[in-house]
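Beneath this line is the structure, given in structure tokens, with notes to follow.
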Amino acid sequence: MPLAKDLLNPSFDFERRQHKKKRLVQSPNSYFMDVKCPGCYKITTVFSHAQTVVLCVGCSTVLCQPTGGKARLTEGVYLLKDCKTYPGCLGCAFESEVTTNHNI
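Residue numbers for the sequence shown, in our numbering: -17 to 86.
Next up, the structure:
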């Protein structure tokens, strides 16, 4: 078991587990995500910790429902993530589909 710990270069997993105020560089746990409606395929920007039900602008279907913390996507809704490494990063854009009930 190593006694020395590198405080200036912590691992990504260690930083992710830390409280948002105790990280080396403070960053929020919440983020904005683009969600694609399964009915009309319109893209809507949703806050990850939404406290109200988010409806689609085009067809008025429910996109996500609030929980105690992060919002839960409805089944069949596509999630367009921003970055592989961290959900709040805007550096690289790629698309991944989430088709099941998924807690973000």
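Yeah, the Cβ is synthetic: ideal placement off N, Cα and C, and Gly gets one too. Small disclaimer: the values here were computed from a predicted structure and weren't measured.
Bounding residues of the alpha helix (DSSP H) (the contiguous stretch that carries residue i)
i, result
"Asp(-5)", "-6 to -1"
Residue range of the unbroken beta strand (DSSP E) whose run includes residue i
i, result
"Gln33", "Here Gln33 belongs to no beta strand (DSSP E), and DSSP marks it neither H nor E."
"Gln47", "44 to 47"
"Tyr60", "60 to 62"
"Lys3", "Note, Lys3: premise wrong, no beta strand (DSSP E); not H, not E."
"Asp16", "14 to 18"
Close Cβ partners of residue i (< 8 Å) along its chain, the five nearest in sequence each way excluded
i, result
"Gly21", "Cys38, Gly40, Cys41, Thr43"
"Thr56", "Thr43, Val44, Leu45, Cys46, Gln47, Asn83"
"Val35", "Val44, Cys46, Gln47, Pro48"
"Ala32", "Cys46, Pro48, Ala53"
Integer Cβ distance of residue i from residue j, believed to fall under 8 Å
i, j, result
"Lys93", "Leu62", "Nothing in the structure corresponds to residue 93, since the chain is present only between -17 and 86."
"Phe14", "Thr27", "6 Å"
Residues of its chain near residue i, where Cβ-Cβ distance is below 7 Å and the 5 sequence neighbours each way are ignored
i, result
"Asn11", "Lys2"
"Leu6", "Pro(-8), Glu(-3)"
"Lys24", "Cys38, Val39, Gly40"
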